[in-house]
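S.K.:
Numbering (my numbering), first residue to last: 18 to 257.
(1) Using the rule of at least 16 other Cβ atoms within 10 Å of the residue's Cβ for burial, across every protein chain shown, is residue 73 buried or exposed?
(2) Please confirm if the stretch 134 to 145 is in contact with the stretch 48 to 60, defined as three or more CB-CB distances below 8 Å between the two stretches.
(3) Of the choices 195, 130, 183, whose alpha-carbon is the least far from that of residue 47?
(4) How long is the line joining the alpha carbons of residue 22 and residue 38, rounded to whole angstroms?
(5) Using 10 angstroms around the beta-carbon of residue 115, count the other beta-carbons present and answer buried if the total reaches 16, otherwise exposed.
(6) Please specify which runs of the beta strand (DSSP E), each continuous and at least 3 residues long, are wholly inside the stretch 199 to 257, giving them in chain order.
(7) Return helix, strand or coil for residue 192, following the three-state DSSP convention.
(8) Per DSSP, which residues does residue 92 bridge with? Please list them.
(9) Considering only DSSP beta bridges, list what residue 36 is partnered with.
(10) Given residue 24, which residues of its chain have a CB within under 7 Å of its CB, disregarding the five upstream and five downstream residues?
(11) For the putative contact between residue 131 and residue 102, defined by C-beta atoms under 8 Å, what is the C-beta separation to the nearest angstrom?
(12) Can you grab the Cα-Cα spacing for the pair residue 226 / residue 118, in whole Å?
(13) In the DSSP assignment, the alpha helix (DSSP H) including residue 163 goes from what residue to what residue?
(14) Within the continuous beta strand (DSSP E) that includes residue 99, where are the two ends?
(15) Under the rule that 16 or more other beta-carbon atoms within 10 Å means buried, what is residue 172, buried or exposed?
(16) Tell me the DSSP secondary structure of residue 45 in three-state form.
(17) Residue 241 to residue 82, Cα distance in whole Å?
(18) Start and end of the alpha helix (DSSP H) containing residue 146?
(19) Please look up how many angstroms separate the CB atoms of residue 220 and residue 52, rounded, as I've assumed it's under 8 Å.
(20) Please determine, among 54, 165, 33, the residue with the shortest C-alpha to C-alpha distance to residue 203.
Encoded structure:
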């Protein structure tokens with residue numbers, strides 16, 4: 018299974034953010050999306066999620082039989098969590114399970130789901146408006162884990178967690194990748210190299226990538242910095 022992006026362009030007024038971004042993402046891999054501030058990482062995610070209409074280009078899934086299909090099987094975890102803060106964590110997950118009941122293949126109890134992301138039992142019945150940023154992010158991630166969409170888009174997903182919870186979430190993502198296409202944006206290069214199978218660079222509106230063997234090379238970080246600072250490019254992988 019593959020997610021294919023072909024020549025996606027997106028502008029806001031006179032500002033061109035995406036300029037023909039193309040790439041192929043495969044199921045069973047974790048991709049780290051890197052780029053400077055304002056490069057358009059969130060815009061790209063919004064185009065994949067169809068929150069923003071593309072100006073040009075398209076995205077589609079290639080299934081196991083090589084057939085193209087349109088898809089809306091996308092889960093998006095936002096950098097700034099959007100949650101109904103008038104509910105408790107327990108109430109929200111119960112409500113989420115109820116409205117997505119037919120989409121959930123591996124059903125668990127509300128308690129089991131909350132334990133999955135290590136939410137303390139004393140916080141289950143607190144209003145989410147009183148949750149920390151990290152706790153709210155856990156709730157967002159949990160909803161993605163419950164419905165298990167084919168494509169997971171994670172916008173700066175682990176930066177608000179402490180070191181223990183961050184490790185737990187990384188291990189959970191590694192377990193999930195065999196059944197998903199996981200793409201997460203981050204400013205932390207070390208985080209990307211820790212768990213990613215490929216690094217994808219968004220620079221000057223286009224996408225280019227580095228394979229796992231390149232990530233492990235000693236000059237990897239220098240290559241990334243030179244590319245972003247000197248406007249160099251890496252061989253584009255979009256039309257494979």
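Just so it is clear, CB atoms sit at the ideal spot from N, CA and C, and this is done for glycine as well.
M.R.: Short version:
(1) exposed
(2) No: the two stretches stay apart, fewer than three of their Cβ pairs being nearer than 8 Å.
(3) For the residues 195, 130, 183, the minimum Cα distance to residue 47 belongs to 195.
(4) The alpha-carbon atoms of residue 22 and residue 38 are separated by roughly 7 Å.
(5) exposed
(6) 215 to 220, 223 to 227
(7) In the structure shown, residue 192 sits in a helix (DSSP, three-state: H, G or I).
(8) 169
(9) 26
(10) 37, 39, 73, 74
(11) Their Cβ separation, rounded to whole angstroms, is 17 Å, which puts residue 131 and residue 102 out of contact at 8 Å.
(12) 37 Å
(13) 150 to 164
(14) It is not in any beta strand (DSSP E) - residue 99 carries neither H nor E in the DSSP assignment.
(15) Residue 172 comes out buried.
(16) coil
(17) 36 Å
(18) Counting along the chain, residue 146 falls outside any alpha helix (DSSP H), and DSSP gives it neither H nor E.
(19) 6 Å
(20) Checked all of 54, 165, 33; the closest Cα to residue 203 is 54.
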